[in-house]
Amino acid sequence: MTSSLNRTPLYDRHEELGARMVEFGGWEMPVYYVGINEEHRAVRARAGIFDVSHMGQLEVTGSGAEGLLRKALASDIDRLDEGQAQYSFLLNEKGGIIDDLIVYRLPDKTWLLVVNAGNIKADFEHLKAFKHRGAVVTDISAETAMIALQGPVTLDLLADVWQKKTPAPDTIKPFTIVERMVAGVPCRVARTGYTGEIGVEIMCAADRAGDLWDGILAHREHGVVPSGLGARDTLRLEMGYPLHGHDIDAKTTPIEANLGRFVHLGREFVGSTVLDKQVAKGVKRQLVGIQLLDRAIPREGYAILKDGVKIGTITSGTLSPSVDRGIGLGYISPVHAAPGTTLQVDIRGRERDAEVVPLPFYKKES
Amino acid sequence: MAEESYPADLRYHRDHDWVRADGDEAIFGITWHAQDALGEVVYFEPPAVGSHVDADSSYGSLESVKAVSDVIAPLGGTVTAVNDKAVESPELVNEDPYDQGWLIRVKLDDPSLVETLLDAAAYQGLL
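Protein chains in written order, with numbering that gives the first Met the number 0: chain U, 0 to 365; chain X, 0 to 126.
Next comes the structure, spelled out in structure tokens:
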């Protein structure tokens, strides 16, 4: 590891827990503590606690904040009441995804954007470049930490560390955010996540992150386990959630990425003309879920074939711990994109049978 | 996961493979260090029985959730058996890398080359 990598305020906790550390988006992060599969299964069955402090937080304030976000974001922020959140995108003029993010409408005319670790600087510069009057963009990433608690026991566990005399954690609706004391630490608690499970993402001051982490892990009786980026990746991939820099980037649009439902068209925003055109005329390629029929794992960069002809490329792939199949995302022509279509993936020189499947790959039994 | 160890009765290849030789018969596997670096093994793709493996070349692959790794043959020979248990339960490579987690059995082209491989101390010196 080189010393130029950033470390989160929880780095010492990860070391003490014996985590295997890797570089991710310029950060030295735990990929797993015990093992990816075990942590993945713990999140699906009970709960996992993740350090996601590497993610960026940008605050947008001032009288021009809304005006800036109406132009810069592909979702319609006017649909948000105070305390509500949306999944959204920063697009370039060609409709390409500079970053995907969650926008939160906070009290006091403050907006919070939670962005990908590797894109913090690019997003900040992009927003500043609008030079929108009255809009102040502040990068608060360095002063803040974020912990994700994800899994079916999340709200029960949270109740044990919850601020007294406030509505219980289970009153927080999905895609909303509240300010609460959690384990004695002032926090912003959002019902959001990247795993497909019930869960929260909890933001606090960087220097209180250790107290929050320890406070939650003091309640191991709920079955919560520290979980790394490895499980975070397999969990999100089972849900078909894209990862920026892999499944989506500045050269792909939300329409191509099959994320059109998060975009609110009929408004003018950066990239909207391209998206309007793609919706009207169709796209040349489309992100689909691909599940292997053979015992094999698709990986990023592997060719997708139909009758021996390359029709696309895998952008993310793994063995799904829940489905016990090789799964992947990739772009192919809409001609081949219907679920049930059989195709092949070139796995190190061998053509393996696969099929297009509807997303998510994993559906919770209810 | 197994405890870290490098048995003294084995010979080692710098690419983190071990050999248990008995005359011109030998068993190949990967070291504790290799399985630890790979993480939980989820697939073992073995060579065909009867095929020839070349020294210092890949004879199969091991995959963890995160990565694929070629397995390198420490010596040349003809594959006489594949550990089907490791194919069915690849986690054996993590749990017991030197015994139940063996990968293939070969008939060596030149058993005298076993002596050119590293002993446990020399291999550990590389780690």
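Note that the Cβ used here is the ideal one computed from N, Cα and C, for glycine as well. Owing to the predicted nature of the structure, the values given are computational and were not obtained by experimental measurement.
Against chain U, with Cβ distances strictly below 9 Å, would residue 15 of chain X count as a contact?
Taking the first residue of the second sequence as 1, we reach residue 15 of chain X at position 16. Output row for residue 15 of chain X: interface = no.
Starting from residue 137 of chain U and walking both ways along the beta strand (DSSP E), at which residues does that stretch end?
Here the question's residue 137 of chain U lines up with position 138 in the first sequence. Unbroken beta strand (DSSP E) run through residue 137 of chain U: 135-138.
Is there at least one Cβ from chain X nearer than 9 Å to residue 35 of chain U's Cβ?
Walking along the first sequence from the start, residue 35 of chain U turns up at place 36. Interface residue, yes.
Using the rule of at least 16 other Cβ atoms within 10 Å of the residue's Cβ for burial, across every protein chain shown, is residue 1 of chain U buried or exposed?
In the first sequence, counting from the first residue as 1, residue 1 of chain U sits at position 2. Note on residue 1 of chain U: pLDDT 49, under 50, position unreliable in the model; no value is reported.
Under the DSSP definition of a beta bridge, which residues are partnered with residue 92 of chain X?
For the purposes of this step, residue 92 of chain X is taken as residue 93 along the second sequence, with counting starting at 1. Answer is none; residue 92 of chain X lacks a bridge partner.
For residue 187 of chain U, tell me which candidate among U/110, U/245 and U/285 has the shortest Cα-Cα distance.
To locate residue 187 of chain U, count along the first sequence from 1; it is residue 188. Here the closest residue by C-alpha is U/110.
Just to confirm, are residue 359 of chain U and residue 259 of chain U a CB contact at a threshold of 9 Å?
One-based indexing of the first sequence puts residue 359 of chain U at position 360. One-based indexing of the first sequence puts residue 259 of chain U at position 260. No.
Quick one: grab the DSSP three-state call for residue 1 of chain U.
By 1-based counting over the first sequence, the position of residue 1 of chain U is 2. Bear in mind that a pLDDT of 49 at residue 1 of chain U, under 50, signals an unreliable position, so the model cannot answer this.
Report back the beta-carbon spacing between residue 289 of chain U and residue 337 of chain U to the nearest angstrom; my notes put them in contact at under 8 Å.
One-based indexing of the first sequence puts residue 289 of chain U at position 290. One-based indexing of the first sequence puts residue 337 of chain U at position 338. That pair is no contact at about 13 Å.
Can a CB atom of chain U be found closer than 9 Å to the CB of residue 56 of chain X?
For the purposes of this step, residue 56 of chain X is taken as the residue at position 57 of the second sequence. Output row for residue 56 of chain X: interface = no.
Between the stretch 91-113 of chain X and chain U, which residues of the former have CB atoms less than 7 Å from a CB of the latter, in chain order?
Residues: none.
Straight-line CA distance for residue 281 of chain U to residue 150 of chain U?
Indexing the first sequence from 1 puts residue 281 of chain U at position 282. Indexing the first sequence from 1 puts residue 150 of chain U at position 151. Between residue 281 of chain U and residue 150 of chain U, the C-alpha separation is close to 37 Å.
Along the chain, where does the beta strand (DSSP E) containing residue 62 of chain U start, and where does it finish?
Numbered from its first residue, the first sequence carries residue 62 of chain U at position 63. Careful: residue 62 of chain U lies outside any beta strand (DSSP E) and carries neither H nor E.
Mind pulling the chain U residues with CB within less than 8 Å of residue 60 of chain X?
Walking along the second sequence from the start, residue 60 of chain X turns up at place 61. Here the neighbours are 347.
Which partner residues of residue 179 of chain U appear in the DSSP bridge assignment?
Sequence index remark: in the first sequence, residue 179 of chain U carries index 180 (1-based). DSSP, once it has assigned bridges, lists U/186 as partnering residue 179 of chain U.
Between the stretch 293-305 of chain U and the stretch 330-348 of chain U, can you find at least three pairs of beta-carbon atoms closer than 8 Å?
Judged by Cβ distances under 8 Å, the stretch 330-348 of chain U makes contact with the stretch 293-305 of chain U, as three or more pairs qualify.
Cβ closer than 9 Å: which chain X residues qualify as neighbours of residue 318 of chain U?
In the first sequence, counting from the first residue as 1, residue 318 of chain U sits at position 319. Simply 41, 42, 62, 63 and 64.
Give me the DSSP bridge partner(s) of residue 80 of chain U.
As a position in the first sequence, residue 80 of chain U is number 81, starting the count at 1. For residue 80 of chain U, which the question treats as bridged, DSSP gives no partner whatsoever.
Distance check for residue 52 of chain U and residue 70 of chain U, CA to CA, integer angstroms please.
For the purposes of this step, residue 70 of chain U is identified with residue 71 of the first sequence, where counting begins at 1. For the purposes of this step, residue 52 of chain U is identified with residue 53 of the first sequence, where counting begins at 1. Rounded to the nearest angstrom, the two C-alpha atoms are 28 Å apart.
So, helix, strand or coil for residue 249 of chain U, using DSSP?
In the first sequence, the residue the question calls residue 249 of chain U occupies position 250. The answer is coil: DSSP assigns residue 249 of chain U none of H, G, I, E or B.
On the DSSP bridge list, what partners appear for residue 76 of chain X?
Counted from its first residue, the second sequence places residue 76 of chain X at position 77. Beta-bridge pairing links residue 76 of chain X to X/52 and X/107.
Give a yes or no on whether 9 Å exceeds the smallest Cβ distance from residue 17 of chain U to chain X.
Counting from one through the first sequence, the residue named residue 17 of chain U turns up at place 18. Not closer than 9 Å to any Cβ of chain X, the Cβ of residue 17 of chain U fails to qualify, so no.
Under a CB-based cut-off of 9 Å, is residue 67 of chain X close to chain U?
The residue you call residue 67 of chain X lines up with position 68 of the second sequence. Yes, contact with chain U.
In this structure, how does DSSP classify residue 366 of chain U when only helix, strand and coil are distinguished?
Summary: the structure shown does not reach residue 366 of chain U, with chain U confined to residues 0 through 365, and so no result is reported for it.
For residue 0 of chain U and chain X, any beta-carbon pair shorter than 9 Å?
Your numbering for residue 0 of chain U matches position 1 in the first sequence. In this predicted model, residue 0 of chain U has a pLDDT of only 46, less than 50, meaning its place in the structure is not dependable; the value taken from the coordinates is given anyway. Taking Cβ atoms only, chain X never reaches closer than 9 Å to residue 0 of chain U, which makes this a no.
Classify residue 50 of chain U: buried if its beta carbon has 16 or more other beta carbons within 10 angstroms, exposed otherwise.
Numbered from 1 along the first sequence, position 51 holds the residue referred to as residue 50 of chain U. Under this definition residue 50 of chain U is a buried residue.
Any beta carbon from chain X within less than 9 Å of residue 229 of chain U's own beta carbon?
In the first sequence, the residue the question calls residue 229 of chain U occupies position 230. True, the Cβ-Cβ gap to chain X drops below 9 Å.
Pick helix, strand or coil for residue 17 of chain U, following the three-state DSSP scheme.
Position 18 of the first sequence holds residue 17 of chain U. Three-state DSSP puts residue 17 of chain U in coil, outside helix and strand.
I think residue 7 of chain X touches residue 119 of chain X, with their Cβ atoms under 8 Å apart; what is that distance to the nearest whole Å?
In the second sequence, counting from the first residue as 1, residue 7 of chain X sits at position 8. In the second sequence, counting from the first residue as 1, residue 119 of chain X sits at position 120. With a Cβ gap of about 5 Å, residue 7 of chain X and residue 119 of chain X count as contacting.
Using a 10 Å radius around the Cβ and a threshold of 16 neighbouring Cβ atoms, would you call residue 152 of chain U buried or exposed?
As a working note, residue 152 of chain U is residue 153 in the first sequence. That one is buried.
What do you get for residue 122 of chain U, buried or exposed, if any count of 16 or more other CB atoms within 10 angstroms of its CB means buried?
By 1-based counting over the first sequence, the position of residue 122 of chain U is 123. Counting Cβ neighbours within 10 Å, residue 122 of chain U comes out buried, since at least 16 surround it.
Out of U/269, U/329 and U/363, point me to the one whose CA is closest to residue 390 of chain U's CA.
No answer is possible for residue 390 of chain U: the residues shown for chain U start at 0 and end at 365.
Using DSSP bridges, identify the partner residues of residue 68 of chain X.
Along the second sequence, one-based indexing puts residue 68 of chain X at 69. DSSP lists X/61 as partners of residue 68 of chain X.
Of the residues U/21, U/292, U/92 and U/8, which one's Cα is nearest the Cα of residue 275 of chain U?
Counted from its first residue, the first sequence places residue 275 of chain U at position 276. Looking at the Cα atoms, U/92 is the closest of the given residues.
When the Cα atoms are used, what is the spatial distance from residue 115 of chain U to residue 97 of chain U?
Here residue 115 of chain U refers to the residue found at position 116 of the first sequence. Here residue 97 of chain U refers to the residue found at position 98 of the first sequence. Cα to Cα, the separation comes out at about 10 Å.
Thinking C-alpha only, which one of U/16, U/22 and U/15 is nearest residue 6 of chain U?
For the purposes of this step, residue 6 of chain U is identified with residue 7 of the first sequence, where counting begins at 1. Residue 6 of chain U has its Cα closest to that of U/22, out of U/16, U/22 and U/15.
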